[in-house]
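A.B. asks: Chains A and B, in that order, give the protein sequences. If you count the first sequence from 1, position 5 lands on 1487 in our numbering, and the numbers rise without skipping. If you count the second sequence from 1, position 187 lands on 1669 in our numbering, and the numbers rise without skipping.
There are 2 protein chains.
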Amino acid sequence: MKEFELIKNYFTEQAVKRKDVLLGVGDDCAVVIPSEKQNIAVATDTLVAGVHFPVNTSPRAIGHKAIAVNLSDLAAIGAEPSWVSVAITLPQIDEHWVDEFCTGLFDLCEYYNVQVIGGDTTQGPLSITVTAQGLIPVGQELLRTGARSGDWVYVTGELGDAALALAHILGKKELDKTIFDKVRQRLDFPTPRVLAGQALRSYASSAIDISDGLMADLTHMCRSSKVGANLVLENLPLSESLVAALGQEKAIEMALAGGDDYELLFAVSEDKKVGLEIALADTGVKFTCIGQLNPSEKITTTLNSKPAAIKVKGFEHFSKND
Amino acid sequence: MKEFELIKNYFTEQAVKRKDVLLGVGDDCAVVIPSEKQNIAVATDTLVAGVHFPVNTSPRAIGHKAIAVNLSDLAAIGAEPSWVSVAITLPQIDEHWVDEFCTGLFDLCEYYNVQVIGGDTTQGPLSITVTAQGLIPVGQELLRTGARSGDWVYVTGELGDAALALAHILGKKELDKTIFDKVRQRLDFPTPRVLAGQALRSYASSAIDISDGLMADLTHMCRSSKVGANLVLENLPLSESLVAALGQEKAIEMALAGGDDYELLFAVSEDKKVGLEIALADTGVKFTCIGQLNPSEKITTTLNSKPAAIKVKGFEHFSKND
Chain A
1483 MKEFELIKNY FTEQAVKRKD VLLGVGDDCA VVIPSEKQNI AVATDTLVAG VHFPVNTSPR
1543 AIGHKAIAVN LSDLAAIGAE PSWVSVAITL PQIDEHWVDE FCTGLFDLCE YYNVQVIGGD
1603 TTQGPLSITV TAQGLIPVGQ ELLRTGARSG DWVYVTGELG DAALALAHIL GKKELDKTIF
1663 DKVRQRLDFP TPRVLAGQAL RSYASSAIDI SDGLMADLTH MCRSSKVGAN LVLENLPLSE
1723 SLVAALGQEK AIEMALAGGD DYELLFAVSE DKKVGLEIAL ADTGVKFTCI GQLNPSEKIT
1783 TTLNSKPAAI KVKGFEHFSK ND
Chain B
1483 MKEFELIKNY FTEQAVKRKD VLLGVGDDCA VVIPSEKQNI AVATDTLVAG VHFPVNTSPR
1543 AIGHKAIAVN LSDLAAIGAE PSWVSVAITL PQIDEHWVDE FCTGLFDLCE YYNVQVIGGD
1603 TTQGPLSITV TAQGLIPVGQ ELLRTGARSG DWVYVTGELG DAALALAHIL GKKELDKTIF
1663 DKVRQRLDFP TPRVLAGQAL RSYASSAIDI SDGLMADLTH MCRSSKVGAN LVLENLPLSE
1723 SLVAALGQEK AIEMALAGGD DYELLFAVSE DKKVGLEIAL ADTGVKFTCI GQLNPSEKIT
1783 TTLNSKPAAI KVKGFEHFSK ND
């Protein structure tokens, strides 16, 4: 296929040439040079057309997202992304599509100085699997298991916008064009919180990225760390677009259950709270304290200091796959 | 899906627990501990149902092959396999299928002390992408570019059996059941030449694994190394089954063009020939000298000392994707 040749050109002509890549694309394997002071974090995520993105998603967004979701996993453990392997399965798709897809993919790699070291291109139903690797100083990994009762719970960015865009695309929610255009950016071009993840290394007790939805991923963290949590719902960071489209109560529900946010959720002990806030402020990323961990092994919510009875759509579903 | 739970059980309960895996399945990323004396080889291959294996292939074979084709790439560069990430996309398939698939996959990993450190399970059309990593002492990589004019050309094992099995499955060639059963093993359960690849490190000038067919992969090596080759066709290692089914001439054609052999093709200089043969004999793997490199930048063939006019089916096709 001509499309394969085009992808090959992107692979060989990419701008990023890292010194720790001894051999990139073109042999049986890539060869990378590790450093003894850093461990290597490895993340793998697959995006399937019609499952992980709507079939009419722009190819540039698909390319971006395939990298972004993996860099988000690396960010959640505190790693600095370095190398990615990209396996692309595509039906006969036109050259314009492939060009746009590769632009989205390589632009994001270039931004973070990540080299595409290899991969595979095969013919079949559209899907992309990326394995991303990153470097992390020995002993500084941010694990899901590290959270402790009493720690404060934070998130970066704002939650629920991607879910709102998806609801509109699936015909479940009418939206003004202005609002849809804004929230669609958050669905199609999520920002992996790479710098924030690295800033958290010396401060956070635990971190995870929000891909399944705040409630589901908080559950993952709480179960791994054997703690519970209370969320202060009026503190959830919601965009103006989300509140304008849904009103506060439904906006909160969507922020809790939505998914596809690719923000970081993390915990920090009382004594490291100030240091963490200073370190994060340096990265320019918005962050918000949304609750506190406790020994209950349950997740509760309060709204304006009263127990909240907000239903989390889809939560039962996600909890199956913890 | 219940199938996902089953896969998760296999991931968490696998027998291999390597000391250089700090964090395996269960967090956002895996974390591995590199060694300063070894570089890391990274290979990625995707198998798509109906493209890379017939749709009625046994699930155990699919699981085996998904790992084997990647370990074969690592072998071709001389690496010792260590960690794999496995991305599985499957439609609703029954638990028996998944159980057999995982058995094939984890059995091969266990045999080579390879740990499955992570991956992804998603719903969609059946395909498997594996990223395999391996360790290789600094400076001992076997590259495609290292072959020199005058070097001898070798292959491991026997060639063409997998292609014969595929021809039968596709209805292009009738076969006795006894013969089919033998050659189907070579298609479904290829043996990655892991130990042979490591034995070659100190001796071979270049190596590649034969996935596209001997002629196509020899072309890859020759182009990368800017040399030509002459193959002595009567020396090609052919199985009794292949010759019995096709006769010598057609058997040679299939060995040249077939593909899916996953044997190693390698070059060695005159002065290292004896050392190489001793090192390989220790591994118990069959190996055969099948020709010599020359400065022509062309590939020629001789049969019983005369120029051969054997047509290589599919060669034009493969040469497009060099």
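For each residue, glycine too, the CB sits at the ideal point set by N, CA and C.
Using Cβ-Cβ distances below 7 Å, what residues of the segment 1625 to 1643 of chain B are close to chain A?
C.D. replies: Listed by position, the residues of the segment 1625 to 1643 of chain B near chain A (Cβ gap below 7 Å) are L1625, R1626.
A.B. asks: Mark P1777/B as exposed unless 16 or more other C-beta atoms lie within 10 angstroms of its C-beta, in which case mark it buried.
C.D. replies: Here the question's residue 1777/B lines up with position 295 in the second sequence. P1777/B is exposed by the Cβ-count criterion.
A.B. asks: May I ask you to list, following chain order, the residues of the segment 1592 to 1609 of chain B that have a beta carbon less than 7 Å from some beta carbon of chain A?
C.D. replies: I1599, G1600, G1601, D1602, T1604, Q1605, G1606, P1607, S1609
A.B. asks: Could you give the first and the last residue of the continuous beta strand (DSSP E) run that contains Q1805/A?
C.D. replies: Any question about residue 1805/A goes unanswered here, given that chain A covers just 1483 to 1804.
A.B. asks: With distances taken Cα to Cα, identify the nearest neighbour of L1556/B among Q1622/B, D1581/B, G1532/B.
C.D. replies: By 1-based counting over the second sequence, the position of residue 1556/B is 74. It is Q1622/B whose Cα lies nearest to the Cα of L1556/B.
A.B. asks: Three Cβ pairs or more, each shorter than 8 Å: is that satisfied between the segment 1688 to 1707 of chain A and the segment 1742 to 1751 of chain A?
C.D. replies: yes
A.B. asks: Could you name the residues of chain B that A1569/A contacts, counting a contact when the two beta carbons are closer than 7 Å?
C.D. replies: Reading the first sequence from its first residue, position 87 is the one you call residue 1569/A. Under the 7 Å cutoff, chain B gives T1526, T1528, T1611.
A.B. asks: With a threshold of 16 other CB atoms inside 10 Å of the CB of S1687/A, please say whether the residue is buried or exposed.
C.D. replies: The count along the first sequence starts at 1 and reaches residue 1687/A at position 205. S1687/A comes out buried.
A.B. asks: Do three or more CB pairs link the segment 1533 to 1546 of chain A to the segment 1663 to 1673 of chain A at distances below 8 Å?
C.D. replies: yes
A.B. asks: What separation, rounded to the nearest whole angstrom, lies between the Cα atoms of G1632/B and L1758/B?
C.D. replies: Counted from its first residue, the second sequence places residue 1632/B at position 150. Counted from its first residue, the second sequence places residue 1758/B at position 276. If I take the Cα positions, the gap works out to 16 Å.
A.B. asks: Name the one or two DSSP bridge partners that G1616/A has.
C.D. replies: The residue labelled residue 1616/A in the question sits at position 134 within the first sequence. DSSP, once it has assigned bridges, lists A1523/A, P1563/A as partnering G1616/A.
A.B. asks: Just to confirm, are V1514/B and D1527/B a CB contact at a threshold of 7 Å?
C.D. replies: Counting from 1 along the second sequence, the entry for residue 1514/B is found at position 32. Counting from 1 along the second sequence, the entry for residue 1527/B is found at position 45. Taking 7 Å as the Cβ cut-off, V1514/B and D1527/B do not qualify as a contacting pair.
A.B. asks: Quick one: Cα of T1603/A to Cα of R1666/A, how far?
C.D. replies: Numbered from its first residue, the first sequence carries residue 1603/A at position 121. Numbered from its first residue, the first sequence carries residue 1666/A at position 184. Roughly 28 Å separates the two Cα atoms.
A.B. asks: Skipping 5 residues on each side, what residues in its chain have a beta carbon closer than 7 Å to that of F1797/B?
C.D. replies: On the second sequence, position 315 is the one that residue 1797/B refers to. Confidence is the limiting factor: at F1797/B the pLDDT is only 41, short of 50, which leaves the residue's position unreliable, though a coordinate-based value still follows. Contacts found: M1697, A1698, A1739.
A.B. asks: Closest Cβ-Cβ distance between N1491/B and chain A: below 7 Å?
C.D. replies: As a working note, residue 1491/B is residue 9 in the second sequence. It does not: the Cβ of N1491/B has no partner Cβ on chain A nearer than 7 Å.
A.B. asks: Which residues does DSSP list as the beta-bridge partners of W1634/B?
C.D. replies: As a first step, residue 1634/B is located in the second sequence; it is residue number 152 there, counting from the start. In the DSSP output, where bridge partners are listed per residue, W1634/B has V1750/B, Q1774/B.
A.B. asks: Hey, out of A1523/B, V1637/B, Q1605/B, L1648/B, whose CA is closest to L1715/B's CA?
C.D. replies: As a position in the second sequence, residue 1715/B is number 233, starting the count at 1. Looking at the Cα atoms, V1637/B is the closest of the given residues.
A.B. asks: Please name the residues in the segment 1674 to 1692 of chain A whose beta-carbon is closer than 9 Å to at least one beta-carbon of chain B, in chain order.
C.D. replies: A1689, I1690, D1691
A.B. asks: Comparing the C-beta of N1521/B with each C-beta of chain A, is any distance below 7 Å?
C.D. replies: To locate residue 1521/B, count along the second sequence from 1; it is residue 39. Chain A, which has a Cβ nearer than 7 Å to the Cβ of N1521/B, makes this yes.
A.B. asks: Are the beta-carbon atoms belonging to R1626/A and S1706/A less than 7 Å from one another?
C.D. replies: As a working mapping, residue 1626/A is identified with position 144 in the first sequence. As a working mapping, residue 1706/A is identified with position 224 in the first sequence. In this structure, S1706/A lies closer than 7 Å to R1626/A by Cβ.
A.B. asks: Taking 7 Å as the CB-CB limit, is E1518/B close to chain A?
C.D. replies: As a working note, residue 1518/B is residue 36 in the second sequence. Yes, E1518/B lies at the interface with chain A (some Cβ there is under 7 Å from its Cβ).
A.B. asks: What's the C-alpha gap between D1643/A and G1628/B?
C.D. replies: As a working note, residue 1643/A is residue 161 in the first sequence. As a working note, residue 1628/B is residue 146 in the second sequence. Roughly 53 Å between the two C-alpha positions.
A.B. asks: Any beta carbon of chain B sitting closer than 7 Å to that of C1511/A?
C.D. replies: Taking the first residue of the first sequence as position 1, residue 1511/A is located at position 29. Chain B, which has a Cβ nearer than 7 Å to the Cβ of C1511/A, makes this yes.
A.B. asks: Taking E1656/B as the query, report the chain A residues whose CB atoms sit under 7 Å from its CB, ordered along the chain.
C.D. replies: Working through the second sequence from its first residue, we reach residue 1656/B at position 174. Per Cβ cutoff of 7 Å: no residues; E1656/B is ~28 Å from chain A at best.
A.B. asks: Under a Cβ-count criterion, where at least 16 other Cβ atoms within 10 Å of its own Cβ denotes burial, should D1576/A be classed as buried or exposed?
C.D. replies: On the first sequence, residue 1576/A is found 94 positions in, with the first residue counted as 1. The residue is exposed, with fewer than 16 neighbouring Cβ atoms inside 10 Å.
A.B. asks: Can you tell me whether K1499/B is buried or exposed? The criterion is at least 16 other CB atoms within 10 Å of its CB, across all chains shown.
C.D. replies: Along the second sequence, one-based indexing puts residue 1499/B at 17. When all chains shown are included, K1499/B counts as exposed.
A.B. asks: Does the Cβ of Y1593/A have 16 or more other Cβ atoms within 10 Å, making it buried, or fewer, making it exposed?
C.D. replies: Counting from 1 along the first sequence, the entry for residue 1593/A is found at position 111. Burial call: exposed.
A.B. asks: For a contact defined as C-beta to C-beta under 8 Å, what are the partners of L1504/A on chain B?
C.D. replies: What you label residue 1504/A is simply residue 22 of the first sequence in a count that begins at 1. Within 8 Å Cβ-Cβ: N1521, E1623.
A.B. asks: Could you tell me whether the Cβ of I1760/B comes closer than 7 Å to any Cβ of chain A?
C.D. replies: Translated into the one-based positions of the second sequence, residue 1760/B becomes position 278. No - not a single Cβ of chain A is within 7 Å of the one on I1760/B.
A.B. asks: Tell me which residues share the same chain as E1495/A and place their Cβ nearer than 8 Å to its Cβ, disregarding the 5 neighbours each side in the sequence.
C.D. replies: Indexing the first sequence from 1 puts residue 1495/A at position 13. Around E1495/A: no qualifying Cβ.
A.B. asks: Using the C-alpha atoms, what's the distance from K1519/A back to N1803/B?
C.D. replies: Here residue 1803/B refers to the residue found at position 321 when the second sequence is read from its first residue. Here residue 1519/A refers to the residue found at position 37 when the first sequence is read from its first residue. Interpretation of N1803/B is limited by its pLDDT of 36, a score under 50 that renders its predicted location unreliable; no figure is taken from the coordinates.
A.B. asks: Which runs of the beta strand (DSSP E) fall wholly inside the segment 1632 to 1686 of chain B and span at least 3 residues, in chain order?
C.D. replies: 1634 to 1638
A.B. asks: Residues in the same chain with beta-carbon distance under 8 Å from L1488/A, minus the five sequence neighbours each way, listed in chain order, please.
C.D. replies: Stepping through the first sequence from its first residue, residue 1488/A is reached at position 6. Taken in chain order, the residues that qualify are E1577, V1580, D1581, C1584.
A.B. asks: Rounded to a whole number of angstroms, what is the C-alpha to C-alpha distance between C1591/B and G1741/A?
C.D. replies: On the second sequence, position 109 is the one that residue 1591/B refers to. On the first sequence, position 259 is the one that residue 1741/A refers to. Each residue's alpha carbon lies about 34 Å from the other.
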